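Before any comments, here is the structure.
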């Protein structure tokens with residue numbers, strides 16, 4: 136599944152860890168990276184974070200767009216979809232999930248993918 140991340144410096148393992156730290160720096164809460172390789176057929180990594188307000192969400196999405204360009208992630212398929220208070224950004228192997236507190240508690244992706252290896256970042 137490593138079509139998008141074709142440069143050695145863009146190895147998914149490196150990028151998702153950097154992305155987790157970056158979201159933490161942007162004041163997202165409860166940031167974690169989930170390695171779902173072998174558990175999920177349509178992605179290798181999930182990055183989860185909680186936003187504080189709609190303005191914060193808008194800022195996070197804008198910053199992620201800039202971050203993707205800076206890391207040579209092709210813009211051909213950053214699919215974005217917002218359902219209620221859950222924004223999903225699909226970069227093929229890496230899927231970013233941005234939640235409100237309420238949505239994060241409701242969907243509980245950490246429990247759904249409980250077998251994933253998880254790295255936590257603290258705000």
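Residue numbers (the working numbering): 136 to 258. Glycine included, each C-beta is placed from N, C-alpha and C at the ideal position. Please read all numbers here as calculations on a predicted model, not as lab measurements.
C-alpha distance - residue 181 paired with residue 170, whole-angstrom precision: Translated into the one-based positions of the chain shown, residue 181 becomes position 46. Translated into the one-based positions of the chain shown, residue 170 becomes position 35. Distance between the alpha carbons of residue 181 and residue 170: 7 Å.
Residue 216 to residue 178 span [Cα, whole Å]: The residue given as residue 216 occupies position 81 in the chain shown. The residue given as residue 178 occupies position 43 in the chain shown. Going by the C-alpha atoms only, they are around 16 Å apart.
Three-state secondary structure assigned by DSSP to residue 231: By one-based count along the chain shown, residue 231 stands at place 96. Here residue 231 sits in strand by DSSP.
Whole-angstrom C-beta distance between residue 206 and residue 150, which should lie under 8 Å: In the chain shown, residue 150 corresponds to position 15, counting from 1. In the chain shown, residue 206 corresponds to position 71, counting from 1. The distance from the Cβ of residue 150 to that of residue 206 is about 6 Å, consistent with a contact at the 8 Å cut-off.
Member of 252, 172, 239 whose CA lies at the smallest distance from the CA of residue 219: Indexing the chain shown from 1 puts residue 219 at position 84. The residue with the shortest Cα to Cα distance from residue 219 is 239.
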